[in-house]
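Written below as structure tokens is the structure these notes are about.
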Amino acid sequence: MQRNARLEIDLKALMHNLSVVRQYSANAKIIAVIKANAYGHGMLSIGRQLENAVDALAVACVDEALVLREAGINAELIVLQGFQNQQQLDQCLAFNLQPVCHQDWQVELLSQAVSQHQLNCWLKVDTGMHRLGVALKQAALLSQQLEDAAVVKKVRLMSHFANADDSSSALNQSQLDAFNQCQQQLGLEASLANSAAILSMPQAIKHWVRPGIMLYGSSPFATQPASEYDLKPVMTLKSQVIAINSLSRGQSVGYGGLWSCTRDSQIAVVGIGYGDGYPRHAASGTPLLVNGQRCPLVGRVSMDTICVDVTDCEAPVQTGDEVILWGGQLDVNEVAKAASTISYELLCHAGRDQ
Ligand SMILES: *Cc1c(COP(=O)(O)O)cnc(C)c1O
């Protein structure tokens with residue numbers, strides 16, 4: 086089967102973006118975050134590409150980590166949600182995974198574990214996001230419990246920002262202060278910064294950084310394009326023109342007749358839709374590139390087609406012509422904004438089956 090919608094992955098751009106991470110994070114060790122199928126870019130190919138270029142890889146859950154191990158990836162491997170039960174803890178031990186402990190029962194389970202294997206683990210503290218992380222006042226006790234555990238080699242400290250993509254948020258400094266205090270008290274190696282913090286909060290760069298989105302070439306900030314940080318898009322989502330219609334002023338296009346021609350128009354139909362991961366909520370006016378030229382989406386996004394106004398294109402558009410939905414010269418953040426979402430979601434959805 087050959088689909089119109091195609092996803093291209095540029096591994097050179099990935100390695101370039103890794104060099105940008107390095108520029109911003111000085112001598113910190115790098116944990117490349119490849120959860121959610123590497124943000125839709127293909128976890129195995131991205132994992133293979135990065136395993137010898139970074140200090141560790143991170144995934145969300147044990148199952149993702151096992152896929153990497155089964156594929157022969159031996160890198161240090163961090164499981165951000167940790168284990169959810171004894172069986173998963175046993176798998177962490179057997180496959181040398183580094184679980185993040187964010188609940189006291191996880192620490193308890195680790196401290197009781199008996200095994201011929203040992204592992205490194207992370208204690209995640211809640212510095213203000215109130216999602217995953219143990220309370221700061223429990224941190225000393227729990228880290229001691231981990232250090233005393235027979236199966237634990239090394240314990241490291243982690244926390245996560247809630248608002249790192251919003252430089253004006255007062256929570257950032259408050260989380261940083263709380264983390265610094267905890268780290269000083271415990272004297273552990275630490276990791277705090279995601280992409281947004283790497284790019285905007287040099288004080289948040291500790292021994293280890295955890296870039297995700299910036300590796301894939303998208304800016305974590307809605308208001309700043311990737312080009313501002315010299316990030317290059319790794320994913321390009323493409324399709325082609327499958328029909329062209331000459332419509333008259335006043336004729337409407339697509340389901341619901343949401344958009345009508347305000348002049349006689351050339352409307353190209355492109356073979357891609359929400360079934361391929363293009364966002365259904367992309368508004369009329371969302372940019373896309375037809376033969377490299379920016380043109381506006383018109384009307385509602387269908388399951389496998391969208392319509393584009395190509396009236397103003399310099400050269401006549403023909404069926405089979407290339408259309409870029411994002412990537413190349415079109416920043417995925419522009420599309421995300423027009424669809425009231427963030428680049429992370431677009432990349433993950435489009436690359437579900439990668
Ligand atoms: C997903 C994730 C990251 C990466 O975040 P980006 O914004 O993509 O850089 C870092 N740390 C944790 C705990 C995460 O869950």
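When you read off a place in the sequence shown, starting at 1, and then add 85, the result is the number in this note's numbering.
By construction, the Cβ of each residue, glycine as well, lies at the ideal position given by its N, Cα and C atoms.
Whole-angstrom distance between residue j and residue i, CA atom to CA atom
i	j	result
Ser425	Pro372	14 Å
Ala111	Lys422	32 Å
Ser345	Thr396	14 Å
Gln201	His187	24 Å
Met86	Leu194	With a pLDDT of only 48 at Met86, under the threshold of 50, the placement of this residue in the model should not be trusted; the figure read from the coordinates follows. Each residue's Cα considered, the two are about 48 Å apart.
Gln166	Leu227	17 Å
Gly384	Val417	20 Å
Pro184	Val105	27 Å
Glu149	Ile94	20 Å
Ser244	Arg88	42 Å
Glu136	Gln351	48 Å
Val386	Ala220	45 Å
Ala235	Arg91	50 Å
Asn330	Leu300	40 Å
Ala278	Asn257	11 Å
Pro287	Glu155	37 Å
Asn181	Leu174	10 Å
Ala117	Met128	11 Å
Val354	Ser428	24 Å
Beta-carbon gap between residue i and residue j smaller than 7 Å
i	j	result
Leu415	Leu374	yes
Gly436	His126	yes
Gly362	His434	yes
Val294	Ile131	no
Gln403	Asn122	no
Arg334	Arg348	yes
Ile283	Tyr109	yes
Ser304	Ser252	no
Ala367	Leu382	yes
Leu151	Leu178	no
Val144	Lys120	yes
Ala249	Thr212	no
Ser196	Gln230	yes
Ala255	Met214	no
Ala31	Leu261	As displayed, the chain neither begins before 86 nor continues past 439, which places residue 31 out of reach and without an answer.
Integer-rounded CB distance, given that residue j should sit under 8 Å from residue i
i	j	result
Cys267	Val210	6 Å
Ile298	Ser280	5 Å
Ala98	Val319	5 Å
Residue i: first and last residue of the uninterrupted alpha helix (DSSP H) it sits in
i	result
Ile131	128-135
Arg437	Unbroken run through Arg437: none, as it is neither H nor E.
Val192	189-197
Arg154	147-155
Gln268	255-271
Ser333	From DSSP, Ser333 is part of no alpha helix (DSSP H); its letter is neither H nor E.
Arg348	No alpha helix (DSSP H) contains Arg348, which DSSP labels as neither H nor E.
Asn102	96-109
Val417	417-423
Gln183	Where Gln183 is concerned, there is no enclosing alpha helix (DSSP H), although the beta strand (DSSP E) it sits in stretches over 183-186.
Gln176	171-179
Ligand 2 heavy atom lying under 6 Å from the CB of residue i
i	result
Leu316	This structure lacks ligand 2; the ligands present are ligand 1.
First and last residue of the uninterrupted beta strand (DSSP E) at residue i
i	result
Asp394	391-394
Ala141	141-144
Glu407	407-411
Ile116	114-118
Proximity test, Cβ basis, 7 Å: residue i and chain C
i	result
Pro372	In the displayed structure, chain C is absent; only one protein chain is listed.
Cβ contact (3+ pairs, closer than 8 Å) linking the segment 137-147 and the segment 156-175: yes
Stretch-stretch touch, CB-based, cutoff 8 Å, three pairs: the segment 384-392 with the segment 311-322: no
Contact the segment 232-242 vs the segment 261-275: 3+ CB pairs below 8 Å: yes
Validate contact between the segment 320-338 and the segment 405-415 using beta carbons, cut 8 Å, 3 pairs: yes
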